[in-house]
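Converting from the sequence shown to my numbering requires adding 25 to each position, the first position being numbered 1.
The beta-carbon is built from N, C-alpha and C at its ideal position, and this holds for glycine as well.
Below is one structure, written out as structure tokens; the observations come after it.
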Amino acid sequence: RRRFDDFLALEWRRAAREQAPISLVSIDIDHFKAYNDHYGHPQGDQCLIQVARALASSVTRPTDLVARCGGEEFAGVLPGTDSAGASLLAEQMRTGVLAHGLAHAHSATHSHVTISLGVATLVPQADESPQALVDLADAALYEAKSAGRNRFVARQR
Numbered sequence: 026r027r028r029f030d031d032f033l034a035l036e037w038r039r040a041a042r043e044q045a046p047i048s049l050v051s052i053d054i055d056h057f058k059a060y061n062d063h064y065g066h067p068q069g070d071q072c073l074i075q076v077a078r079a080l081a082s083s084v085t086r087p088t089d090l091v092a093r094c095g096g097e098e099f100a101g102v103l104p105g106t107d108s109a110g111a112s113l114l115a116e117q118m119r120t121g122v123l124a125h126g127l128a129h130a131h132s133a134t135h136s137h138v139t140i141s142l143g144v145a146t147l148v149p150q151a152d153e154s155p156q157a158l159v160d161l162a163d164a165a166l167y168e169a170k171s172a173g174r175n176r177f178v179a180r181q182r
């Protein structure tokens with residue numbers, strides 16, 4: 026988590042200096058508690074590894090970072106990426122995880138493991154901190170989950 030926070034802070038300062046967009050993707054595995062309850066924690070750990078691999082394979086630029094932030098939560102920092110580019114990557118992440126075909130018999134969303142994503146894009150202002158981007162991404166993630174999961178919602182400012 027510390028590497029992620031340090032990377033976000035560094036890229037935030039760079040985006041503010043260059044007045045360039047920066048995007049953040051907040052990612053949550055849908056119904057992961059039900060997965061752990063049904064399949065057990067060792068299998069849950071394997072699920073986390075498979076999801077992490079799928080997410081990492083979606084990110085091809087060396088300037089981007091995807092990390093596990095805790096529990097079933099992941100996030101991606103996409104420097105210099107506008108909303109359209111971040112949305113495209115979010116959809117690739119979503120379909121990549123689904124394509125892994127990890128069975129999830131106790132999901133209310135799908136018979137396989139799915140993810141919900143919140144995409145936030147903004148150009149940092151002088152009086153803002155990276156928390157503004159995190160808050161926007163978290164709000165978008167909440168919308169994606171409220172709308173039925175297994176989707177992304179993008180917000181920009």
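{"Query": "Distance, Ser141 Cα to Arg28 Cα", "Result": "23 Å"}
{"Query": "Check whether Ala169 and Val178 have beta carbons under 7 Å apart", "Result": "yes"}
{"Query": "Pair within 7 Å by beta-carbon distance, Ala164 and Val122", "Result": "no"}
{"Query": "Within 7 Å, strictly: CB atoms of Pro155 and Leu35", "Result": "no"}
{"Query": "Local conformation of Glu98 per DSSP, three classes", "Result": "strand"}
{"Query": "Sequence-distant residues of the same chain with beta carbon closer than 6 Å to Glu116, five excluded per side", "Result": "none"}
{"Query": "C-alpha gap between Gln75 and Glu43, whole angstroms", "Result": "36 Å"}
{"Query": "Cβ-heavy atom distance, Leu114 to the ligand MN, below 6 Å", "Result": "Within the structure as shown, the ligand MN is missing, as the structure has no ligands at all."}
{"Query": "Arg119, buried or exposed, once every other Cβ within 10 Å from all chains shown has been counted against 16", "Result": "buried"}
{"Query": "Whole-Å CB distance - His131 paired with His56, under 8 Å assumed", "Result": "7 Å"}
{"Query": "Backbone CA spacing between Ala11 and Pro149 [nearest angstrom]", "Result": "It is not possible to answer for residue 11, since the shown part of the chain is limited to 26 through 182."}
{"Query": "Opening and closing residue of the alpha helix (DSSP H) in which Ala79 lies", "Result": "His66 to Ser83"}
{"Query": "Length of the line joining the Cα atoms of Arg114 and Leu90", "Result": "Reading the sequence as shown, one finds Leu at residue 114 and not Arg. Taking the straight line from one Cα to the other gives about 12 Å."}
{"Query": "Cβ distance (whole Å) where Leu49 is taken to contact Val102 below 8 Å", "Result": "6 Å"}
{"Query": "Spatially closest choice to Ser82 from Arg26, Ala172, Ala124 and Asp31, by CA coordinates", "Result": "Ala124"}
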